[in-house]
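Sequence lines, in order, name chains A and B. FYI, the numbering for the first sequence is 56 to 147, going by my numbering. FYI, the numbering for the second sequence is 84 to 352, going by my numbering. We treat Cβ as the ideally placed atom computed from N, Cα and C, and that holds for glycine. All figures in this text were calculated on a predicted structure; none of them were measured in a lab. Taking it in order: structure first as structure tokens, then the write-up.
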Amino acid sequence: MGLLDYFRSTRRGSASVAKERLQILVAHDRIARDSPSYLPMMQKELLAVICKYVQVDQDAISVNLEQDGNQEILELNIVLPEHSSPQQAVGS
Amino acid sequence: MTRIIVVTSGKGGVGKTTTSAAVAMGLAQRGHRTVVIDFDVGLRNIDLIMGCERRVVYDFINVINGEANINQAMIRDKRCNDLYILPTSQTKDKEALTRKGVGKVLDELSESFDYIVCDSPAGIEHGAKMAMYFADDAIVVTNPEVSSVRDSDRMLGILASKSRRAENNQEPIKEYLLLTRYCPQRVKQGEMLHVDDVQEILSLHLLGVIPESRSVLSASNAGKPVILDEKSDAGDAYADVVERYLGQELPHRFLEVQRKGLLGRLFGG
Ligand SMILES: Nc1ncnc2c1ncn2[C@@H]1O[C@H](COP(=O)(O)OP(=O)(O)OP(=O)(O)O)[C@@H](O)[C@H]1O
Ligand SMILES: [Mg+2]
Chain A
56 MGLLDYFRST RRGSASVAKE RLQILVAHDR IARDSPSYLP MMQKELLAVI
106 CKYVQVDQDA ISVNLEQDGN QEILELNIVL PEHSSPQQAV GS
Chain B
84 MTRIIVVTSG KGGVGKTTTS AAVAMGLAQR GHRTVVIDFD VGLRNIDLIM
134 GCERRVVYDF INVINGEANI NQAMIRDKRC NDLYILPTSQ TKDKEALTRK
184 GVGKVLDELS ESFDYIVCDS PAGIEHGAKM AMYFADDAIV VTNPEVSSVR
234 DSDRMLGILA SKSRRAENNQ EPIKEYLLLT RYCPQRVKQG EMLHVDDVQE
284 ILSLHLLGVI PESRSVLSAS NAGKPVILDE KSDAGDAYAD VVERYLGQEL
334 PHRFLEVQRK GLLGRLFGG
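Right, here's the structure in full:
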């Protein structure tokens, strides 16, 4: 091994950066791919229900399905507006 | 029972056609009746790599359209009696490959062949979907590079869901990883992903590693599958791939930097 090779091999190569990026990318792709097809529809309907009571934006709600061991966790996040006063419930 | 093998990739230009030609020739050399079909409609490559482009009269599309029968369209390889080539046409109409038409041709070929190797175009275009749909086995050709690995993972999702086997609730397509254009020197220097890293990310059965090799271009120049080149490291690696596919357990070669002789050390890069 030449001197140049020695210095090269001690430098942290770009391959390890590639590996880290790939692990994140592929994990994201797989979550999107494996999530059930009813998710977008369910998100829309949930939003409609919530809007009956609180005025929230389309992007204030996020639905996430995560795999944790052999458990699936459905996570629902709703960001309420700062001064959310309860709206009058429609139709009651 | 006939096995239909699709050679696929997400990213283009990674070595599918090179692999299809080598694997088909390798299977046929070992006495298995094999046909290699070009699904890359519009580009037409496999006849060039196999060196039979001047013998093409009818093609896959003609057979699907009923303009020729399968025996008129297939070309028998001059080097190996058990190998046939079914070329495709340069038509722009990719929709010519209908699922019904393709299925009928594959059924007919299944009556007389042991292996049907399908050289697919890259990605998830129509031709690629047709090649994947009927497969029993898939060789996912990947280069040690970020976009190629990511796109391979996407193909795995499609192989798992959009196939005849998936639709009929049969055992899923068997997926194999083939890493090509591998440079041990660059891996050692930390510039290229290591085969173990790629395998860890994709978690697929590793069918083989084909080194980056000049002999691949010379083989394609000559119209001779690289597996026929006895002096080529890539050719040897493809021979191992065929043996492994057929069930032999062989250690992976060409993963380390090859020691050069004195002349190589003095003049080599
Ligand atoms: N192991 C290798 N070493 C060096 N060059 C290679 C190797 N494998 C493939 N190549 C070269 O890479 C190029 C693309 O190869 P090939 O045509 O087999 O890829 P492909 O995946 O079929 O491409 P496409 O997606 O366009 O169909 C060719 O020029 C070929 O010679
Ligand atoms: Mg090709």
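query = At a cut-off of 7 angstroms, is residue 99 of chain B close to ligand 1 when judged by its beta-carbon and the heavy atoms of the ligand?
reply = yes
task = Under 7 angstroms Cβ to Cβ from residue 295 of chain B, same chain only, skipping five residues before and after it: list those, please.
result = 264, 265 and 266
request  = Identify every run of the alpha helix (DSSP H) within the region 63 to 107 of chain A, keeping only runs that are complete inside it and at least 4 residues long; order them along the chain.
outcome  = 69 to 89
ask   = Can residue 186 of chain B be considered in contact with ligand 1, in the sense that its beta carbon sits closer than 7 angstroms to one or more heavy atoms?
value = no
Option nearest residue 117 of chain A by Cα separation, candidates A/134, A/72 and A/78 = A/134
message = Tell me which residues of the region 229 to 256 of chain B have at least one Cβ-Cβ distance to chain A shorter than 7 angstroms, keeping chain order.
response = 229, 232, 233, 236, 237 and 240
key: Contacts around residue 298 of chain B, its chain only, beta-carbon distance under 7 angstroms, and the 5 residues preceding and following it disregarded   = 309, 312, 315, 317 and 318
ask   = If you pair each beta-carbon of the region 117 to 127 of chain A with each one of the region 92 to 100 of chain A, do three or more pairs fall below 8 angstroms?
value = yes
ask   = CB-CB under 8 angstroms to residue 113 of chain B, same chain, minus the five flanking residues each way: which ones, in chain order?
value = 325 and 329
key: Test: residue 341 of chain B CB closer than 8 angstroms to a CB of chain A   = no
request  = Taking a Cβ distance cut-off of 8 angstroms, strictly less, list which residues of the region 119 to 139 of chain A are near chain B, in chain order.
outcome  = none
query = In the region 253 to 287 of chain B, which residues sit with their C-beta less than 9 angstroms from some C-beta in chain A, listed in chain order?
reply = 269, 270, 271, 272, 273, 274, 275, 276, 277, 280, 281, 283, 284 and 285
query = At a Cβ threshold of 8 angstroms, is residue 113 of chain A touching chain B?
reply = no
ask   = What residue range is occupied by the uninterrupted beta strand (DSSP E) comprising residue 109 of chain B?
value = That residue, residue 109 of chain B, is in no beta strand (DSSP E); its alpha helix (DSSP H) goes 99 to 112.
task = For residue 77 of chain A, return the contacting residues in chain B, with the cut-off set at a CB-CB distance below 9 angstroms.
result = 229, 232, 233, 236, 276, 280, 281 and 284
key: Near ligand 2: residue 128 of chain B beta-carbon under 7 angstroms from a heavy atom   = yes
key: Nearest-angstrom beta carbon gap, residue 210 of chain B and residue 123 of chain B [assumed within contact, 8 angstroms]   = 6 angstroms
ask   = Using a threshold of 7 angstroms, is the CB atom of residue 92 of chain B nearer than that to any non-hydrogen atom of ligand 1?
value = yes
task = Using a Cβ-Cβ cut-off of 8 angstroms, state whether residue 80 of chain A counts as contacting chain B.
result = yes
message = Rounded to whole angstroms, what is the Cα-Cα separation between residue 249 of chain B and residue 255 of chain B?
response = 6 angstroms
request  = Inspect the CB distances between the region 226 to 242 of chain B and the region 88 to 103 of chain B and report whether three or more fall short of 8 angstroms.
outcome  = yes
Local conformation of residue 89 of chain B per DSSP, three classes = strand
request  = State yes or no: is the C-beta of residue 234 of chain B nearer than 7 angstroms to some heavy atom of ligand 1?
outcome  = no
key: residue 279 of chain B burial status per 10 Å Cβ neighbour count (16 or more: buried)   = exposed
request  = Measure from the C-beta of residue 71 of chain A to each C-beta in chain B and report whether the shortest distance is under 8 angstroms.
outcome  = yes
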